[in-house]
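Chains as they are written, first to last, in the working numbering: chain P, 1 to 281; chain G, 1001 to 1021. The beta-carbon is built from N, C-alpha and C at its ideal position, and this holds for glycine as well. A quick write-up on the structure given underneath.
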Amino acid sequence: PESADLRALAKHLYESYLKYFPLTKAKARAILSGKTGDSAPFVIHDMKSLTEGEQFINCRQMPLMEQRPDLGMVQESPDEVELRFFHSCQFRSAEAVREVTEFAKSIPGFVGLDLNDQVTLLKYGVIEVLIIMMAPLMNKDGTLISYGQIFMTREFLKSLRKPFCEMMEPKFEFSVKFNMLELDDSDMALFLAVIILSGDRPGLLNVKPIEDLQETVLHALELQLKMNHPDSLQLFAKVLQKMTDLRQLVTDHVHLIQLLKKTEVDMCLHPLLQEIMKDLY
Amino acid sequence: LQEKHKILHKLLQNGNTPDEV
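Written as structure tokens, this is what we have:
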């Protein structure tokens, strides 16, 4: 009976995951391997294709384009293009935070926690979740962006000026290793819930109910991995070890953003991201 | 904490999008 409950929990979280996250790993891997049958993603590999890619999308992810329909005719400096791209990334990240929040609320017991603790769990967990969710979109050569409509090359991201060029490379290094574990979307759903329900986040008021919830999800994840990957030895332990790498990645990411805030006069950080990163690490 | 995280708090309460907030 206990196993049945854990399987039901896994099924519930997988359904929530599919409901709130539009680009699944299955879909992303199909796009990356050219098996979708649709047209291939637009490839951004230099400044020119970046501008063309923005015009290719020309929709809600690009609010600045809508405000400036003359952009196609204006010769912009690479600095301006980089900064605008960074703003678009922020806009998408804020939307992703909303998706993660909805997923967190669907974890059984989460909305019953102290509201302050719900805020803390999201504040500290959401960037870790976003980094994990980036992994399926990446391969060693680049990453899908804009819901899989665009593929941006790793080399192009490395060619941006400092510190923009330093932002994605650690995520590529992490993702290439993480993808070797070959988790699927149903495994990912449970792992994301485990990350969100971390009882050691600073400032939590009532740790016990969070740890209890996490323990149940951990059991569900362990069972899921045994059933879904019977030949992958110690997979559960290997997955959990990734949580240590994640914390370091987030710490470095937040420091880079803080550096950007100091060095880029034209940079404004999305208010939701500001709220999350303020006094984070 | 909720005071310092008004947008997160609002997302948790009613799920408005960041832009609506």
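Neighbourhood of residue i by C-beta distance below 6 angstroms, restricted to the same chain and skipping five residues each side
i	result
residue 63 (chain P)	Here residue 63 (chain P) scores only 48 on pLDDT, less than 50, and its place in the model is too uncertain to base an answer on.
residue 125 (chain P)	195, 196
residue 1013 (chain G)	none
residue 280 (chain P)	254
residue 270 (chain P)	90, 94
residue 240 (chain P)	none
Boundaries of the beta strand (DSSP E) in which residue i is found, first to last residue
i	result
residue 152 (chain P)	150 to 153
residue 144 (chain P)	142 to 145
residue 42 (chain P)	42 to 44
Extent of the continuous alpha helix (DSSP H) to which residue i belongs
i	result
residue 218 (chain P)	207 to 228
residue 289 (chain P)	This structure cannot speak to residue 289 (chain P), because chain P is shown only from 1 to 281.
residue 164 (chain P)	Where residue 164 (chain P) is concerned, there is no enclosing alpha helix (DSSP H), given that its DSSP letter is neither H nor E.
residue 243 (chain P)	235 to 263
residue 1008 (chain G)	1006 to 1014
residue 185 (chain P)	185 to 196
residue 277 (chain P)	271 to 277
residue 1002 (chain G)	Run containing residue 1002 (chain G): none; DSSP gives neither H nor E here.
residue 48 (chain P)	47 to 57
residue 11 (chain P)	2 to 20
residue 135 (chain P)	Per DSSP, residue 135 (chain P) belongs to no alpha helix (DSSP H) and is neither H nor E.
residue 25 (chain P)	25 to 32
Outcome for residue i when other beta-carbon atoms lying within 10 angstroms are tallied against a minimum of 16
i	result
residue 220 (chain P)	buried
residue 217 (chain P)	buried
residue 98 (chain P)	buried
residue 205 (chain P)	exposed
residue 226 (chain P)	exposed
residue 244 (chain P)	exposed
residue 180 (chain P)	exposed
residue 158 (chain P)	exposed
residue 214 (chain P)	buried
residue 4 (chain P)	exposed
residue 55 (chain P)	exposed
residue 8 (chain P)	exposed
residue 248 (chain P)	exposed
residue 123 (chain P)	buried
residue 146 (chain P)	buried
residue 88 (chain P)	buried
residue 37 (chain P)	exposed
residue 53 (chain P)	buried
Own chain partners of residue i with C-beta closer than 8 angstroms, once the 5 adjacent residues on each side are dropped
i	result
residue 163 (chain P)	256, 259, 260, 263
residue 25 (chain P)	136, 183, 184, 185, 188
residue 222 (chain P)	236
residue 134 (chain P)	143, 171, 175
residue 169 (chain P)	154, 157, 158
residue 267 (chain P)	83, 86, 260, 261
residue 21 (chain P)	99, 103, 133
residue 161 (chain P)	78, 79, 82
residue 165 (chain P)	157, 158, 159
Integer Cβ distance of residue i from residue j, believed to fall under 8 angstroms
i	j	result
residue 150 (chain P)	residue 42 (chain P)	5 angstroms
residue 128 (chain P)	residue 250 (chain P)	6 angstroms
residue 1002 (chain G)	residue 228 (chain P)	In fact, because the Cβ distance is near 38 angstroms, the residues do not count as touching under 8 angstroms.
residue 113 (chain P)	residue 210 (chain P)	6 angstroms
residue 234 (chain P)	residue 190 (chain P)	Residue 234 (chain P) to residue 190 (chain P), Cβ: 17 angstroms. No contact.
residue 1005 (chain G)	residue 275 (chain P)	5 angstroms
residue 132 (chain P)	residue 23 (chain P)	Actually they are not in contact, since the Cβ atoms of residue 132 (chain P) and residue 23 (chain P) sit about 13 angstroms apart, beyond 8 angstroms.
Candidates the options, of which the one nearest residue i by Cα
i	options	result
residue 1008 (chain G)	P:120, P:138, P:244, P:114	P:120
residue 108 (chain P)	P:48, P:275, P:126, P:197	P:197
residue 152 (chain P)	P:250, P:27, P:46	P:46
residue 15 (chain P)	P:212, P:281, P:102, P:230	P:102
residue 13 (chain P)	P:274, P:92, P:104, P:27	P:104
residue 110 (chain P)	P:207, P:275, P:96, P:272	P:207
residue 242 (chain P)	P:203, P:272, P:17, P:192	P:192
residue 202 (chain P)	P:34, P:118, P:77, P:18	P:118
residue 18 (chain P)	P:100, P:200, P:6, P:34	P:100
residue 238 (chain P)	P:77, P:177, P:278	P:177
residue 140 (chain P)	P:252, P:230, P:11, P:33	P:33
Chain-order list of residues whose beta-carbon lies under 7 angstroms from that of residue i (same chain, five-residue window excluded)
i	result
residue 51 (chain P)	81
residue 31 (chain P)	41, 144, 148
residue 49 (chain P)	43
residue 311 (chain P)	Past the edges of chain P, shown from 1 to 281, lies residue 311 (chain P), and the structure says nothing about it.
residue 272 (chain P)	94, 97
residue 106 (chain P)	16
residue 277 (chain P)	254, 257
residue 199 (chain P)	207, 210, 211, 214
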